[in-house]
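Numbering-wise (the working numbering), the sequence shown opens with residue 10 and increments by one.
Ideal Cβ positions, reconstructed from N, Cα and C, are used throughout, including at glycine.
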Amino acid sequence: MSHRRALLAVASRPRCRANSRRDPRRVAGTQVRAVDPRARTAETEAGRLSYDVLSVIPPNRTMPFITDAGLGTPFVDVDPKSFRSTRDERIYAVGDNADTPYAKTGYTAMDSARVAAQSIAGDLGVSAPGAALPANVCYPMVAPDRALHIETHWALEQDATGAVHVRVSGRHDDRARASYARLRREWETRTLSTLFGP
Ligand SMILES: Cc1cc2nc3c(=O)[nH]c(=O)nc-3n(C[C@H](O)[C@H](O)[C@H](O)COP(=O)(O)OP(=O)(O)OC[C@H]3O[C@@H](n4cnc5c(N)ncnc54)[C@H](O)[C@@H]3O)c2cc1C
């Protein structure tokens, strides 16, 4: 997804005429042109969408001091295998500030922190098992007890010339399910425990 495009998620009940499907819809990476909160409609590149709950994530930007420091524009240029800055080897950037092929999500931010930590440990002479590249698993909640499922994996492959290519694979399931909501809660519990302790 381009960083300049808003991410739009639309949750709509069956009564909405524009969205006659039984399940809520997810519309990713479309340009939002206008929102009418009274009519509960959003004008987008993908047409007029009706909604009950509208979640718009604006284009992602980094803090000015990062670009001022010459670490990259619009995000910090890093080696996607270690998250080390390609402009200053003393610096690592993870999460939304890093310019990588990976999605900008909390899930990949957690994974990328592990990869960077292992790289730093290696530099300090501590032998650590190589961390896998970040993946992304999202369970967008569309009702208190139901969620969707989106999963993305990235692989870096070097061709005969030495150029590195990114292979992206994944799957998504837009059927709102209670099982996904349960998996999301498990992920949240695991993540909070990793960050702050049990
Ligand atoms: C509406 C919305 C929904 C989302 N839903 C999901 C989801 O369901 N699942 C998922 O995985 N991801 C989700 N994301 C993405 C996820 O929130 C981000 O990818 C993730 O938070 C990035 O982590 P980060 O640590 O890189 O940055 P952040 O979480 O943004 O943390 C950066 C921190 O730095 C602080 N800061 C900024 N400037 C300065 C400064 N000058 N000095 C000191 N501190 C500063 C900020 O206050 C902030 O606390 C969502 C994002 C949005 C906006």
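Straight-line gap, residue i to residue j (C-alpha atoms, nearest Å)
{"i": "Asp215", "j": "Asp182", "result": "Summary: the structure shown does not reach residue 215, with the chain confined to residues 10 through 207, and so no result is reported for it."}
{"i": "Leu80", "j": "Asn106", "result": "10 angstroms"}
{"i": "Val90", "j": "Ala102", "result": "Here the sequence assigns Lys to residue 90, which means Val is not the residue at that position. The straight-line gap from Cα to Cα measures roughly 12 angstroms."}
{"i": "Val87", "j": "Thr109", "result": "7 angstroms"}
{"i": "Asp77", "j": "Val85", "result": "11 angstroms"}
{"i": "Arg49", "j": "Ser59", "result": "6 angstroms"}
{"i": "Asp132", "j": "Thr114", "result": "27 angstroms"}
{"i": "Arg52", "j": "Cys147", "result": "For clarity, residue 52 is Glu in the given sequence; the question names Arg instead. Distance between the alpha carbons of Glu52 and Cys147: 26 angstroms."}
{"i": "Pro207", "j": "Asp154", "result": "24 angstroms"}
{"i": "Ile129", "j": "Arg199", "result": "24 angstroms"}
{"i": "Met72", "j": "Val41", "result": "24 angstroms"}
{"i": "Ser7", "j": "Ala156", "result": "The requested residue 7 does not occur in the structure, where the chain is confined to residues 10 to 207."}
{"i": "Ser64", "j": "Val135", "result": "43 angstroms"}
{"i": "Ser94", "j": "Thr170", "result": "23 angstroms"}
{"i": "Glu197", "j": "His158", "result": "15 angstroms"}
{"i": "Phe205", "j": "Gln127", "result": "19 angstroms"}
{"i": "Arg180", "j": "Thr39", "result": "19 angstroms"}
{"i": "Pro83", "j": "Arg70", "result": "7 angstroms"}
{"i": "Asp61", "j": "Ala152", "result": "11 angstroms"}
DSSP-derived helix/strand/coil call for residue i
{"i": "Met72", "result": "coil"}
{"i": "Ile129", "result": "helix"}
{"i": "Val124", "result": "helix"}
{"i": "Tyr101", "result": "strand"}
{"i": "Thr50", "result": "strand"}
{"i": "Pro184", "result": "Per the sequence shown, residue 184 should be read as Arg rather than Pro. Here Arg184 sits in strand by DSSP."}
{"i": "Ala190", "result": "helix"}
{"i": "Ser202", "result": "helix"}
{"i": "Asp61", "result": "coil"}
{"i": "Asp45", "result": "strand"}
{"i": "Ala107", "result": "strand"}
{"i": "Asp77", "result": "helix"}
8 angstroms contact criterion, which residue i and residue j should meet: CB distance rounded
{"i": "Thr161", "j": "Ala112", "result": "6 angstroms"}
{"i": "Asp120", "j": "Pro138", "result": "With a Cβ gap of about 14 angstroms, Asp120 and Pro138 do not count as contacting."}
{"i": "Ala3", "j": "Arg176", "result": "In the structure as shown, the chain starts at 10 and stops at 207, and residue 3 therefore has no counterpart that could be examined."}
{"i": "Arg193", "j": "Met150", "result": "7 angstroms"}
{"i": "Phe74", "j": "Ala125", "result": "So it is not a contact: roughly 20 angstroms between Cβ atoms."}
Quick one: which unbroken beta strand (DSSP E) runs of 3-plus residues sit fully inside the stretch 128 to 179? Chain order, please. 144 to 147, 150 to 152, 155 to 167
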